[in-house]
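S.K.: Residue numbering for the sequence shown follows our numbering, starting at 3 and increasing by one per position.
Even for Gly, the Cβ is constructed at its ideal location relative to N, Cα and C.
From a predicted model like this one, the values you see are computed outputs, not experimental measurements.
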Amino acid sequence: MAYASAPVKRFSLNRFDVIVISVLLAMALVTALILWRGDQVGLQVVAVSPAQAASDVSTRSQIKVTFDQAVSVSDTDQPPLTVSPPVSGTVRWDDQILSFTPALPLTSNTLYTVTLTGDVTSQRGRPLQESISWQFQTGQPRLLYIAKDAAGNDQIFVIDPGGGETVQLTQETYGVFDFALSPDASTIAYAALRKDGGSDLWAIAPDGQDRYPLLTCPEAVCNGVAWQPNSDRLIYERRNMLVPGAAPGPPRLWWLNLSNSETVAVFDDNQIIGYGATWAADGRWLSYIAPSSQGVQIFNVDDGRNFVIPSRLGSLATWDPAGKSLLVADIQPSEEGFAVHLLKASPETGELVDLSGEGQLVEDTSPTWSPDGAWIALTRKAAGASMGKQIWVMRPDGSEPRSLTDDTEIHHGLPAWSPDGRYLAFQRFPLREIDAKPSVWLFDLETEKLHLLAADGNRPTWIP
Numbered sequence: 003m004a005y006a007s008a009p010v011k012r013f014s015l016n017r018f019d020v021i022v023i024s025v026l027l028a029m030a031l032v033t034a035l036i037l038w039r040g041d042q043v044g045l046q047v048v049a050v051s052p053a054q055a056a057s058d059v060s061t062r063s064q065i066k067v068t069f070d071q072a073v074s075v076s077d078t079d080q081p082p083l084t085v086s087p088p089v090s091g092t093v094r095w096d097d098q099i100l101s102f103t104p105a106l107p108l109t110s111n112t113l114y115t116v117t118l119t120g121d122v123t124s125q126r127g128r129p130l131q132e133s134i135s136w137q138f139q140t141g142q143p144r145l146l147y148i149a150k151d152a153a154g155n156d157q158i159f160v161i162d163p164g165g166g167e168t169v170q171l172t173q174e175t176y177g178v179f180d181f182a183l184s185p186d187a188s189t190i191a192y193a194a195l196r197k198d199g200g201s202d203l204w205a206i207a208p209d210g211q212d213r214y215p216l217l218t219c220p221e222a223v224c225n226g227v228a229w230q231p232n233s234d235r236l237i238y239e240r241r242n243m244l245v246p247g248a249a250p251g252p253p254r255l256w257w258l259n260l261s262n263s264e265t266v267a268v269f270d271d272n273q274i275i276g277y278g279a280t281w282a283a284d285g286r287w288l289s290y291i292a293p294s295s296q297g298v299q300i301f302n303v304d305d306g307r308n309f310v311i312p313s314r315l316g317s318l319a320t321w322d323p324a325g326k327s328l329l330v331a332d333i334q335p336s337e338e339g340f341a342v343h344l345l346k347a348s349p350e351t352g353e354l355v356d357l358s359g360e361g362q363l364v365e366d367t368s369p370t371w372s373p374d375g376a377w378i379a380l381t382r383k384a385a386g387a388s389m390g391k392q393i394w395v396m397r398p399d400g401s402e403p404r405s406l407t408d409d410t411e412i413h414h415g416l417p418a419w420s421p422d423g424r425y426l427a428f429q430r431f432p433l434r435e436i437d438a439k440p441s442v443w444l445f446d447l448e449t450e451k452l453h454l455l456a457a458d459g460n461r462p463t464w465i466p
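Structure representation (structure tokens):
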């Protein structure tokens, strides 16, 4: 008996199906090609700083290299980066970014060549296939200072000590209270006064460009900025104004995160009073004036260690360039009256050394370290005398003290070292002149010559 076979149904594709399958196959092929090509492409550099052929670069600049992917960090102490002329410093890795921080400021007016060797590998094992080099030119250091504008308000000015022009950087309606230069010298943070007596925080570049608000402080006075090194944060002082136009309350320290503008109190107890914050170079140790402790509080932001350096004077602490010690001025009672001595303190041991000399009847204030840490500049006068303070220098152990100025009718203050350590800028104020104004002067330590920079000005600060 024969059976008829069932008809076989053939599988057929219409035109739309063919197009879809073709597209999917093409995408799979492209994806495979990309993956294969990606395995062949090595680690790539996507940005360098300072940029290729950059000019007028700050002598405080870091050198940074940004890669296209996370880098595998080698245990070797030899960084995959060389600088010519030779520069010593430290290397820091942050995922895709290599940062090189010079141990000392770069030399001004110098052409630097940076070479990144091929000794770098990504976390995926992809090597940098060839070394790269680029160049940049450092600029001439300039000086920031505060002076009156045509309306009589304090503004920030900048001057080239080599004889260049003076430029007014800020144009604030009610003036500027104070300012602070960022560690890399790229930004000036300043307190802009308001009509109600309060102040807000603003930022501006040293060339007067890129002005923008950092923090609005309604019903408060915000000033006293202290930039944290190697960080995107700063500390500032905040005084609340309970009644508009009335005197503000006591100062308290607050954080400002520059990446998201968040601001919080530095301490869990936000009623702790503090002002005059200064940082060690590594950004780990913070010092501030603590009135309740009658001294300068030293605080480690990493592990919470802290101690107090006795100081009834209430003056700012000054850290050495390496961040290993700091200077604090304190009153020293004696049978003849009182003196003000400089004390050098170690944050690690708490040891105090009197640099002014035991029994010396002097008033030593406003200390500042030379960039290489070899000298300390300060202001000094005989204890209890009515004469003006003079500029002195001494070694970090208090030896080799000598005066640079000798005019007792002039009060000298706030010395500031040039980046190369050759010059000292400071303010002078005539004690016997009616309607006298502070002025900014420059002392050449090689020639021992003194010359005027700004007839009206105070608080000189170098832009390296």
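Taking DSSP as the reference, what is the three-state secondary structure of Pro293?
M.R.: Three-state DSSP puts Pro293 in a helix.
S.K.: Classify Pro466 as helix, strand or coil using the three-state DSSP reduction.
M.R.: Coil at Pro466, not helix or strand.
S.K.: What residues match up with Leu447 in a beta bridge as DSSP calls it?
M.R.: Its beta-bridge partners do not exist; DSSP assigns none.
S.K.: Give me whichever residues DSSP pairs with Leu515 in a beta bridge.
M.R.: Given that the chain is displayed from residue 3 to residue 466, the structure contains no residue 515 and the question cannot be resolved.
S.K.: Check the C-beta distance from Tyr192 over to Ala456 and give it rounded, since I have them as a contact under 8 Å.
M.R.: No, Tyr192 and Ala456 are not in contact; Cβ-Cβ is about 18 Å, not under 8 Å.
S.K.: Considering only residues of the same chain and omitting the five flanking positions on each side of Thr140, which have a CB-CB separation below 6 Å?
M.R.: The answer, listed in chain order, is Val59, Thr61, Leu108, Ser110, Thr112.
S.K.: When the Cβ atoms of the stretch 113-124 are set against those of the stretch 249-259, are three or more pairs found closer than 8 Å?
M.R.: Output reads no: the stretch 249-259 does not touch the stretch 113-124.
S.K.: Below 8 Å, how does it come out for the stretch 177-186 and the stretch 160-168: are there three or more Cβ pairs, yes or no?
M.R.: Contact fails: fewer than three Cβ-Cβ distances are below 8 Å.
S.K.: Given Ile333, which residues of its chain have a CB within under 7 Å of its CB, disregarding the five upstream and five downstream residues?
M.R.: Here the set comprises Arg314, Leu315, Phe340, Val342.
S.K.: Have a look at Gln125, Ala105, Ser90 and flag the residue whose alpha-carbon is nearest the alpha-carbon of Asp96.
M.R.: Minimum Cα distance to Asp96 is reached at Gln125.
S.K.: Considering only C-alpha positions, which residue in the set Lys439, Pro253, Pro421, Ala248 is nearest to Gln429?
M.R.: Taking only the C-alpha atoms, the option nearest Gln429 is Lys439.
S.K.: Among Leu426, Arg424, Tyr425, Ser441, which one has its Cα closest to the Cα of Pro432?
M.R.: Of Leu426, Arg424, Tyr425, Ser441, the residue nearest in Cα terms is Ser441.
S.K.: Less than 8 Å between the C-beta atoms of Val93 and Pro104, yes or no?
M.R.: Not in contact: Val93 and Pro104 (Cβ atoms no closer than 8 Å).
S.K.: Please identify the residue among Glu132, Glu411, Leu447, Leu426 whose C-alpha is closest to the C-alpha of Glu435.
M.R.: Out of Glu132, Glu411, Leu447, Leu426, Glu411 has the C-alpha closest to the C-alpha of Glu435.
S.K.: Would DSSP call Leu27 helix, strand or coil?
M.R.: Leu27: helix per DSSP, three-state reduction.
S.K.: On a CA-only basis, which of Glu221, Pro163, Ala283, Asp270 is nearest Leu228? Give me that one, please.
M.R.: Reading the sequence as shown, one finds Ala at residue 228 and not Leu. That would be Ala283, whose Cα lies nearest to the Cα of Ala228.
S.K.: Suppose the cutoff is 7 Å on Cβ atoms and the five residues either side in sequence are ignored; what does the same chain contact list for Asp304 look like?
M.R.: The answer, listed in chain order, is Arg286.
S.K.: Once DSSP output is grouped into helix, strand and coil, what is the label at Tyr176?
M.R.: Coil.
S.K.: For Arg461 and Ser368, what's the separation of their Cα atoms in angstroms?
M.R.: Straight-line Cα distance between these residues: approximately 12 Å.
S.K.: Determine, using beta-carbon pairs with one atom in the stretch 347-366 and one in the stretch 378-390, whether at least three such pairs fall under 8 Å.
M.R.: Short answer: they touch.
S.K.: If you scan the stretch 408-456 from start to end, which runs of the beta strand (DSSP E) of 3 or more residues do you find wholly inside it?
M.R.: The stretch 408-456 contains these whole beta strand (DSSP E) runs: 412-419, 425-432, 441-446, 451-456.
S.K.: Round the Cβ separation of Val298 and Val330 to the nearest angstrom and send it over; I've been treating them as touching at under 8 Å.
M.R.: Contact holds; Cβ gap of about 5 Å.
S.K.: For Gly247 versus Asp209, is the C-beta distance shorter than 8 Å?
M.R.: Taking 8 Å as the Cβ cut-off, Gly247 and Asp209 do not qualify as a contacting pair.
S.K.: Tell me whether the beta-carbon of Leu454 lies closer than 8 Å to the beta-carbon of Trp464.
M.R.: Not closer than 8 Å, so no.
S.K.: Which partner residues does Gln339 have in the DSSP bridge list?
M.R.: The sequence shown places Gly at residue 339, not Gln. In DSSP, Gly339 forms a bridge with Ser336.
S.K.: As a quick exercise: from Trp394, Asp408, Asp409, pick the residue whose alpha carbon is nearest that of Glu402.
M.R.: Comparing Cα-Cα distances from Glu402 to each of Trp394, Asp408, Asp409, the minimum goes to Trp394.
S.K.: Starting from the C-beta of Phe301, find all residues in its chain whose C-beta is less than 8 Å away, skip the five residues before and the five after it, and write them out in chain order.
M.R.: Taken in chain order, the residues that qualify are Trp287, Leu288, Ser289, Tyr290, Arg307, Asn308.
S.K.: Taking buried to mean at least 16 other C-beta atoms within 10 Å of its own C-beta, is Ala222 buried or exposed?
M.R.: So Ala222 counts as buried.
S.K.: How should Thr407 be labelled, buried or exposed, when 16 other C-beta atoms within 10 angstroms of its C-beta is the threshold for buried?
M.R.: Classification for Thr407: buried.
S.K.: Do the CB positions of Gly251 and Glu239 come within less than 8 Å of each other?
M.R.: Not closer than 8 Å, so no.
S.K.: Can you name, in chain order, every residue of its own chain whose Cβ lies under 7 Å from the Cβ of Gly423, other than the five neighbours on each side?
M.R.: Same-chain partners within the cutoff: Ser372, Pro373, Asp374.
S.K.: Applying the criterion that 16 or more other CB atoms from any shown protein chain within 10 Å of the CB defines a buried residue, is Met396 buried or exposed?
M.R.: With 16 or more other Cβ atoms within 10 Å, it is buried.
S.K.: Judging by CA-CA distance, which residue of Glu174, Ile99, Glu350, Val266 is the nearest neighbour of Lys150?
M.R.: For the residues Glu174, Ile99, Glu350, Val266, the minimum Cα distance to Lys150 belongs to Glu174.
S.K.: State the Cα-Cα distance for the pair Ile158 and Leu130, rounded to the nearest angstrom.
M.R.: Using only the alpha carbons, I get a separation of about 45 Å.
S.K.: Between the alpha carbons of Thr68 and Ser51, how many angstroms are there, rounded?
M.R.: One C-alpha to the other measures close to 9 Å.
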